[in-house]
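Those protein sequence lines, which keep their order, are chains A and B.
Residues 1 to 65 (this note's numbering) are what the first sequence spells out, left to right.
Residues 66 to 221 (this note's numbering) are what the second sequence spells out, left to right.
Below you'll find the structure, written out as structure tokens, and then a few comments.
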Amino acid sequence: MTGAIGVAVFAAIAGAALALELTARRRWHGHVPLPAVMRWLRRHPVMRWALLVAWGFVGWHFFVR
Amino acid sequence: MHRARPSHVDRSRWHERWRVVPAVAGCLAYSWWASGTSGRATVLAVACPMVLGAAVAVSSWVREDRVRRRAPRSPRAIRLGGLQRSGVLRWATLAVLLIGWELRELVGSPRIAYPTVTSLVTSMTAARAYEFVAFFVWLMVGSRLREPRTEQTAAP
């Protein structure tokens, strides 16, 4: 039962992210697309390295088993 | 009917498309191969795009930082890069929710009752087709870490 709740929460978060992105692409007021946020984050020296390390970690963690 | 000649902007978009299509095709082929590897071959298959991606991303950052330093500074700092604060807050809230729930699940046991992102993705990518898609998505996300060329550095 708790496993199903865990999966449901992750699915809800994924659904919310998709909804945010779709509303941003339809240019709803107060919504910004995720690529724009990532572009803003990349301008900061610390954040760009954090994003690069996070990307590398995700790849290593999920694909190297 | 007179057809308007493409401007230099349209021509550069066409050139961009002709660069992107083979790159995407290459990533698809590489992802298919990588999803079928095991052991040391998988380590290499993951390490190579990591190293290459990092090199490309860092060199693009250096190039664009150089251009930004030469460009005249605006008299007023633009907060959040001109993005709407509410929009950024929404994404930040979602990120906090994801990390918070992941941490909550991580401390729980057994894993089947407290699934984490890792356990969910691992069970999904057990099938080669899903691992292929996941690897390709990972490569595409990595390609977005590269800073695109601004007008000042774009090839004429």
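Virtual Cβ for every residue (Gly too), placed ideally from N, Cα, C.
Keep in mind the model is a prediction, meaning the values are calculated, not measured.
By the Cβ criterion, the segment 167-184 of chain B is not in contact with the segment 24-33 of chain A, since fewer than three pairs of Cβ atoms, one from each stretch, lie closer than 8 Å. Judged by DSSP in its simplified three-state form, R176 of chain B adopts coil rather than helix or strand.
Residue environment for A99 of chain B: buried (at least 16 other C-beta atoms within 10 angstroms of its C-beta).
Taking C-alpha positions only, G165 of chain B is separated from M189 of chain B by approximately 22 Å. Sequence-distant Cβ neighbours of A199 of chain B in its own chain, meaning closer than 6 Å and more than five residues away, are T190. Shown here, E212 of chain B sits in coil according to DSSP, grouped into three states, outside any helix or strand. The C-beta of A17 of chain A comes closer than 7 Å to at least one C-beta of chain B.
Residue contact check for V64 of chain A against chain B: a CB pair falls below 7 Å. Annotation: A157 of chain B to V121 of chain B spans about 27 Å, alpha carbon to alpha carbon.
One finds nothing in chain A with a Cβ atom closer than 7 Å to the Cβ of R82 of chain B; even the nearest lies about 18 Å away. Counting C-beta pairs closer than 8 Å gives fewer than three between the segment 40-52 of chain A and the segment 97-113 of chain B, which falls short of the contact rule. Residue state for W83 of chain B is assigned as helix, using DSSP reduced to three classes.
A Cβ-Cβ separation of about 11 Å leaves R209 of chain B out of contact with S125 of chain B under the 8 Å criterion. Taking 7 Å as the cut-off, the beta carbon of L204 of chain B is found no closer than this to the beta carbon of C113 of chain B.
A direct Cα-Cα distance of roughly 7 Å separates V153 of chain B from V32 of chain A. Residue ranges of uninterrupted beta strand (DSSP E) with 3 or more members are absent from the segment 119-165 of chain B; none lies entirely inside it. Judged by DSSP in its simplified three-state form, V9 of chain A adopts helix.
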